[in-house]
Amino acid sequence: MKQQIIMKLLTGVAGLGIALGAVSAHASPEKDRQELIKYYTTKFPNVKLEDYVYGALAFDADSKAQYEAIMEFPPFESQVEAGRKMWETPFKNGKTYASCLPNGGKQIAGNYPMFDEARGKVVTLHDVINSCRTANGEEAFKVDDMKTMGVLTAYMRTLSDGMLMNVKVEGPKATAAYEDGKKTFYSRKGQLNFACATCHVQNGGNYLRSELISPVIGHAVHWPVFRGGDNLVTLQQRYQGCFTQVRQVPPPQGGETMNNLEYFHSALSNGLPLKASVFRK
Amino acid sequence: MAEPMRIRATMAGDVADVKVLMNHPMETGTRKDAKTGQLVPAHFITEVDATINGTPVLNAEIGGAVSKNPYLGFKVKGAKAGDKVVVNWVDNKGDKNSAEATIG
Amino acid sequence: MNALRRNVLKSAAGASAVAVAVAAGLLKPTQAMAAWNKAAFEAKNVGDAMKGIGATSPADSKDITIKAPDIAENGAVVPVEVTSGIAGTSRIAILAEKNAQPLVGTFDLTGGAQGFISTRIKMGQTSLVRAVVNAGGKTYTAAKEVKVTIGGCGG
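Protein chains in written order, with the working numbering: chain A, -15 to 265; chain B, 6 to 109; chain C, 55 to 209.
Following this line, the structure appears as structure tokens:
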């Protein structure tokens, strides 16, 4: 049944001239990614693949210039600084985040989400941070709390700037989680009956009224963002925004649906460099 | 009380390029708090002054129309690497902040 | 501008003296703020704001460049850069004509400061962003339209 829904949507998408022969319900994540890259680079021959990390800004020079002007000396620097203080402050037991994260927390964000075979589920960077906290006698942060997890990762993720997205999908359980995320991405939902793909695959690079829609390739590398220069939004917080915008009650952040979605969504940006804490409108 | 402002000052030829990022809510007094529906009182920087090695170079009067966490960039000819830039601001409540940097 | 304040600022100690004086209570914060051009900042139309800053009929000038977006990404934070190539530029003022209070700021430049100001401003709606330059006892002006939209997809 699920396959039928995906095939219907994919056929509809194929009707727009996308060669989706390889993007079936059973294709490999790498094939999915390559097909979407081929679709976009064919549709927009003048946009370099490396510029997809800028999302909609890659398609409009005026917007991109504003981004560069603001990023030169970002107004949200003090929020990132607050995150640095959180990161560097030891737990009550004297240990630090750096002491319990792989590689001291540096250049690791691109490995997440990852599939934890032992626990049989996708774990995100937020989960790993919380595991570190609870292992050291601290309470876990709420993953949807921008003031704690948001601010901490606004700094912590910058330690992975430049790292290439490197989400691995290996083995049947991981693949099933990936496929679940893909189903969420391609299923129509909400009163507006849009799928994520409706905007971000079919209409990436196109205008929806005054808004330029970002393509799915390059989406997952640039989080959190500071909307308007000061409103901190993490990736799953943005997912909730998208659900709300198509008039669908959003699933909870940090739950299975959202984590599997982030797993699928991030894999599509494999090979592109991360950059945390950036300006968006 | 106010968070420190950040100053970046570098030489480009014989001109010092000074960039300042101040921390301030810059409330105009016309915005309504989303939760309470009440007007958020006006609270904004009114004046910014800068000197290089004690010589005044910039005296700005600004209002609530400057964006939150104000950014100001200016250029001074004749300054040299090693010169000291001092920036002060005052806001409508009398709060003030000062920072200095050496031109790099 | 308050003459006493201007003279204090011109002295060798410059603005630091004002800061110290404020801290010592010699120059009360309200006094420091009293020099703020309230009439001009609270003017509700561009004509009154211009009058408030002493720019009643500035000459249009092609030597003033305004770098600002065609369409603002977010009206709360619009990067604006004004460059004046007019010799002897002593002040740059920035206005957003359709803001409820058009005057954004006045920037007095001394001691080698060039005719250049870069900042980020709030705009309530599509409007001309106007720069007024004082140089050699005269005033000059240029303007650029910046469109402001109400975005939808920001989430």
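Where is the CB? At the ideal position from N, CA and C, for every residue including glycine.
Assuming the contact rule is C-beta atoms closer than 8 Å, Thr108/A and Glu246/A should be a hit. Round their C-beta distance to whole Å, please. 6 Å
Would you kindly work out how many angstroms separate the C-alpha atoms of Val262/A and Arg211/A, rounded to a whole number? 9 Å
Report the neighbours of Thr203/C on chain A: residues whose CB is nearer than 7 Å to its CB, in chain order. Ser194
Terminal residues of the continuous beta strand (DSSP E) containing Met16/B? 11 to 17
For Ala138/A and chain C, any beta-carbon pair shorter than 8 Å? no
Arg17/A: first and last residue of the uninterrupted alpha helix (DSSP H) it sits in: 13 to 27
Proximity of Ala144/C and Asn99/C at Cβ, strictly below 8 Å: In the sequence on display, residue 144/C carries Ser and not Ala. Taking the C-beta atoms as reference points, Asn99/C is found no nearer than 8 Å to Ser144/C.
Within chain C, the residues that Ala53/A reaches when beta carbons sit closer than 7 Å: Within 7 Å of the CB of Ala53/A, the CB atoms of chain C belong to Pro133, in sequence order along the chain.
Residues of its chain near Ala97/C, where Cβ-Cβ distance is below 6 Å and the 5 sequence neighbours each way are ignored: Ala103, Gly106
Could you please give me the residues that DSSP links to Lys69/A through a beta bridge? For Lys69/A, which the question treats as bridged, DSSP gives no partner whatsoever.
Below 8 Å on the Cβ atoms is my contact criterion, and I expect Ile125/C with Thr203/C to pass it. Report the Cβ-Cβ distance as a whole number of Å. Yes, they are in contact, since the Cβ atoms of Ile125/C and Thr203/C sit about 7 Å apart, within 8 Å.
Assign Leu196/A to one of two classes, buried (16 or more other C-beta atoms within 10 Å of its C-beta) or exposed (fewer than that). buried
DSSP has Asn215/A in a bridge; who is on the other side? Arg211/A
In its own chain, which residues sit with a C-beta less than 6 Å from the C-beta of Gly88/A, not counting the 5 before and 5 after it? Here Gly88/A has Ala82 as same chain residues with Cβ atoms under 6 Å from its own Cβ, once five neighbours each way along the sequence are excluded.
Cβ shell of Ser103/B (< 6 Å), same chain only, five flanking positions each side left out: Counting only Cβ-Cβ distances below 6 Å, and skipping sequence neighbours, we find Asn93.
Where does the unbroken alpha helix (DSSP H) through Arg117/A begin, and where does it stop? Residues 109 to 119.
Rounded straight-line distance, which links the Cα of Pro58/A to that of Ile113/A: 26 Å
Can you confirm whether Ser62/A, when its beta carbon is compared against all beta carbons of chain B, has any partner nearer than 8 Å? Judged by the 8 Å Cβ criterion, Ser62/A is in contact with chain B.
Sequence-distant residues of the same chain with beta carbon closer than 7 Å to Val205/A, five excluded per side: Val37, Met149, Ser253, Leu256, Pro257, Leu258, Lys259
With distance defined between alpha-carbon atoms, name the residue in Met242/A, Ile92/A, Phe43/A nearest to Gly146/A. Ile92/A
So, at 8 Å on beta carbons, what are the nonlocal neighbours of Gly(-4)/A in its own chain, with the 5 sequence-adjacent residues on each side left out? Below a pLDDT of 50, predicted positions are generally treated as unreliable, and Gly(-4)/A, at 49, falls in that range; no measurement from the model is reported.
Which first and last residues belong to the beta strand (DSSP E) in which Ile67/B is found? 60 to 67
Exposed or buried, what is Pro46/B when buried is set at 16 or more other beta-carbons lying within 10 Å of its beta-carbon? Exposed, by the Cβ-count rule.
Is the beta carbon of Gly134/A closer than 8 Å to that of Pro208/A? With contacts defined by Cβ atoms closer than 8 Å, Pro208/A and Gly134/A form a contacting pair.
Can you name the residues that DSSP bridges to Thr56/B? Pro61/B, Val91/B
Name the two residues that bound the continuous beta strand (DSSP E) containing Asp22/B. For Asp22/B, the enclosing beta strand (DSSP E) stretches over residues 20 to 26.
Spell out the partners DSSP gives Val187/C in its beta bridges. Ile146/C, Tyr194/C
Residue-level contact to chain A via CB, Leu80/C, 8 Å cutoff: Bear in mind that the predicted position of Leu80/C carries a pLDDT of just 44, short of 50, making it unreliable; the figure below should be weighed with that in mind. False, the Cβ-Cβ gap to chain A never drops below 8 Å.
Quick one, are the C-beta atoms of Ala122/C and Val186/C less than 8 Å apart? no
In the DSSP assignment, what residue or residues form a beta bridge with Pro156/A? DSSP lists no partner for Pro156/A.
Would you call the stretch 70 to 86 of chain A and the stretch 44 to 52 of chain A in contact, with 3 or more CB pairs under 8 Å? In this structure the stretch 70 to 86 of chain A does not touch the stretch 44 to 52 of chain A; the number of beta carbon pairs closer than 8 Å is below three.
Taking the alpha carbon of Phe248/A as the reference point, which residue from Gly165/A, Glu154/A, Val200/A has its own alpha carbon closest? Here the closest residue by C-alpha is Gly165/A.
Indicate whether Lys80/B and Asp22/B have their beta-carbon atoms separated by less than 8 Å. yes
Three-state class that DSSP yields for Val230/A in the structure shown: coil
At least one CB of chain B closer than 8 Å to the CB of Arg68/A: is that the case? Not an interface residue.
Can you tell me whether Leu44/B is buried or exposed? The criterion is at least 16 other CB atoms within 10 Å of its CB, across all chains shown. So Leu44/B ends up on the exposed side.
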